[in-house]
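Asker: Handing you a structure now.
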Amino acid sequence: MKMWLNCIRQDRVCVHRLRCSSSSSVESSSISYDGLYPGHIQTTPVQKALLAVGSGVAALQNPYRHDMVAVLGETTGHLALTALRDRMRDDPEGYAVLTERPRIRLSTLDLTKMAALPDGSFGREYLRFLEENNVTPDSRADVRFVDDEELAYVMQRYREVHDLLHTLLGMPTNMLGEVAVKWFEAAQTGLPMCALGAALGPLRLNASRLQTLLTSLGPWALRSGRQARCVLSVFYERRWEQNTEELREELRIPPPPASLARRSS
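Listed below in structure tokens is the structure:
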């Protein structure tokens, strides 16, 4: 137990120190971060292992520590990110995403135009999701610990696409909805962080919701994640006007169980 606590303490100290260094000027950051990308923090394999263990334990204790979940994903996801990057390169639309590097932020969204889109369009449904759940795409942390500029963007894209997946899958942000999305993401991306969330998330569900997950929602999410086209290869910014059902069908994502779609908490 002492060893785990020490890992958590060391991890928090390391993250705190690295965050402090990341708040320095642009000129000093270009020296500290080796120029890979803004905000990059170079770490050795040993430091990555320590960060992975410490952030993993902290995330297990409190799944709402999104900073720890982010560190865990970045320090354990190299192989999965490489495979995702290769899938994006092999897809014409995914290659365009990798080339143009779009970002999903409030500053890049035309909210007025999206609000004027017809009901059922992907852009309108995504905006409705943000409004109903009181969430913002700006809450997604920037990548820090991935030692490859292109893979860092893949990880960033994964984070910013997460809420779009909620919209596509018709899942709310309650615990059952989050676990369902995590099961989809685990099957779709192969990221260890997603697999861990998919395995441990059910432990936080009550008996009724656990039964729903295991008998209906979970199998649908896993099946959908396996058979769907790579969701990171979609240039969503060019799809706002597309009908959500048509987009879902194009991506080979079957509709969620009717009784569970957008189920309230």
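Each residue of the sequence shown is one higher than the one before, starting from 12 at the first, in our numbering. Glycine is no exception: its CB is placed at the ideal position from the N, C-alpha and C atoms. Source: prediction; values computed, not measured.
1) Comparing C-alpha positions only, which one of Val165, Thr184 and Glu256 sits nearest to Asn145?
2) Short of 8 angstroms in beta carbon distance, which residues of its chain neighbour Ala206, apart from the five on each side in sequence? Order them along the chain.
3) Would the beta-carbon of Glu136 fall within 7 angstroms of that of Thr223?
4) Buried or exposed, going by whether 16 or more other CB atoms sit within 10 Å of the CB of Glu171?
5) Apart from the five residues just before and just after Ala91, which ones in its own chain have a Cβ nearer than 8 angstroms to its Cβ?
6) Assuming Trp251 contacts Ser132 (C-beta within less than 8 angstroms), just tell me the rounded distance between them.
7) Looking at Leu187: is its Cβ nearer than 7 angstroms to the Cβ of Arg220?
8) Once the 5 residues before and after Ala107 are set aside, which same chain residues still bring their CB inside 8 angstroms of it?
9) Using the C-alpha atoms, what's the distance from Val154 back to Gln53?
10) Hey, would you say the C-beta of Arg151 is under 6 angstroms away from at least one heavy atom of the ligand PLP?
11) Measuring straight from C-alpha to C-alpha, what distance separates Pro57 and Tyr169?
12) By how many angstroms is the C-alpha of Thr93 removed from the C-alpha of Asp158?
13) Report the rounded CA-to-CA distance for Ala191 versus Ala209, giving the unit in angstroms.
14) Compare the beta carbon distance of Pro267 and Gly181 with 7 angstroms and say whether it is the shorter of the two.
15) Which term fits Ser118, buried or exposed, when burial requires 16 or more other beta carbons within 10 angstroms of its beta carbon?
16) Helix or strand or just coil, what does DSSP make of Asn144?
17) Going by beta carbon distance, what residues of the same chain come within less than 6 angstroms of Glu160, once the five residues before and after it are set aside?
18) Buried or exposed for Leu175, going by 16 or more other Cβ atoms inside 10 Å?
19) Locate the alpha helix (DSSP H) running through Met89, then write down its first and last residues.
20) Along the chain, where does the alpha helix (DSSP H) containing Tyr164 start, and where does it finish?
21) Would Leu262 and Arg240 qualify as a contact pair, given that the criterion is a beta-carbon distance under 7 angstroms?
22) Hey, out of Met79, His51 and Gly50, whose CA is closest to Val64's CA?
23) I'd like to know whether the C-beta atoms of Leu109 and Met99 end up nearer to each other than 7 angstroms.
Answerer: Result, derived from the coordinates:
1) By 1-based counting over the sequence shown, the position of residue 145 is 134. The shortest Cα separation from Asn145 among Val165, Thr184 and Glu256 belongs to Thr184.
2) Residue 206 sits at position 195 when you count from the first residue of the sequence shown. Ala197.
3) Taking the sequence shown and counting its residues from 1, the one referred to as residue 136 is at position 125. Taking the sequence shown and counting its residues from 1, the one referred to as residue 223 is at position 212. No, they are not a contact pair.
4) Within the sequence shown, numbered from 1, the residue matching residue 171 stands at position 160. Buried, by the Cβ-count rule.
5) As a first step, residue 91 is located in the sequence shown; it is residue number 80 there, counting from the start. Taking Ala91 as the centre and dropping the five residues before and after it, the same chain places the C-beta of Thr200, Gly201, Leu202 and Pro203 closer than 8 angstroms to its C-beta, in chain order.
6) As a position in the sequence shown, residue 251 is number 240, starting the count at 1. As a position in the sequence shown, residue 132 is number 121, starting the count at 1. So it is a contact: roughly 7 angstroms between Cβ atoms.
7) Counting from 1 along the sequence shown, the entry for residue 187 is found at position 176. Counting from 1 along the sequence shown, the entry for residue 220 is found at position 209. Note that the C-beta distance between Leu187 and Arg220 is below 7 angstroms.
8) Taking the sequence shown and counting its residues from 1, the one referred to as residue 107 is at position 96. Residues of the same chain with a CB within less than 8 angstroms of the CB of Ala107, apart from the 5 flanking positions on each side, are Phe246 in chain order.
9) Here the question's residue 53 lines up with position 42 in the sequence shown. Here the question's residue 154 lines up with position 143 in the sequence shown. When only Cα atoms are considered, Gln53 and Val154 end up about 12 angstroms apart.
10) Here there are no bound small molecules, and the ligand PLP is not part of this structure.
11) The sequence position of residue 57 within the sequence shown is 46, counting from 1. The sequence position of residue 169 within the sequence shown is 158, counting from 1. The question names Pro, but residue 57 is Val in the sequence shown. Put simply, the backbone Cα of Val57 is about 25 angstroms away from that of Tyr169.
12) Taking the sequence shown and counting its residues from 1, the one referred to as residue 158 is at position 147. Taking the sequence shown and counting its residues from 1, the one referred to as residue 93 is at position 82. C-alpha of Asp158 to C-alpha of Thr93: approximately 12 angstroms in a straight line.
13) Within the sequence shown, residue 191 is the residue found at index 180, counting from 1. Within the sequence shown, residue 209 is the residue found at index 198, counting from 1. Whole-angstrom Cα-Cα distance: 8 angstroms.
14) On the sequence shown, residue 267 is found 256 positions in, with the first residue counted as 1. On the sequence shown, residue 181 is found 170 positions in, with the first residue counted as 1. In terms of Cβ geometry, Pro267 and Gly181 form a close pair [threshold 7 angstroms].
15) In the sequence shown, the residue the question calls residue 118 occupies position 107. If you draw a 10 Å sphere on the C-beta of Ser118, you find fewer than 16 other C-beta atoms in it, and that means exposed.
16) Sequence index remark: in the sequence shown, residue 144 carries index 133 (1-based). Three-state DSSP puts Asn144 in a helix.
17) Numbered from 1 along the sequence shown, position 149 holds the residue referred to as residue 160. The residues are Leu47 and Tyr48.
18) The residue you call residue 175 lines up with position 164 of the sequence shown. With 16 or more Cβ atoms within 10 Å of its Cβ, Leu175 is classed as buried.
19) For this step, residue 89 is matched to residue 78 along the sequence shown. The sequence given here places His at residue 89; Met does not occur at that position. Note, His89: alpha helix (DSSP H), His89 to Arg100.
20) Against the sequence shown, residue 164 aligns to sequence position 153. Start and end: Glu160 to Leu180.
21) Translated into positions along the sequence shown, residue 262 becomes position 251. Translated into positions along the sequence shown, residue 240 becomes position 229. Arg240 sits close to Leu262, with the two beta carbons spaced by under 7 angstroms.
22) Here the question's residue 64 lines up with position 53 in the sequence shown. Val64 has its Cα closest to that of Met79, out of Met79, His51 and Gly50.
23) Mapped onto the sequence shown, residue 109 falls at position 98. Mapped onto the sequence shown, residue 99 falls at position 88. Yes; because the gap between Cβ atoms is below 7 angstroms, this pair is in contact.
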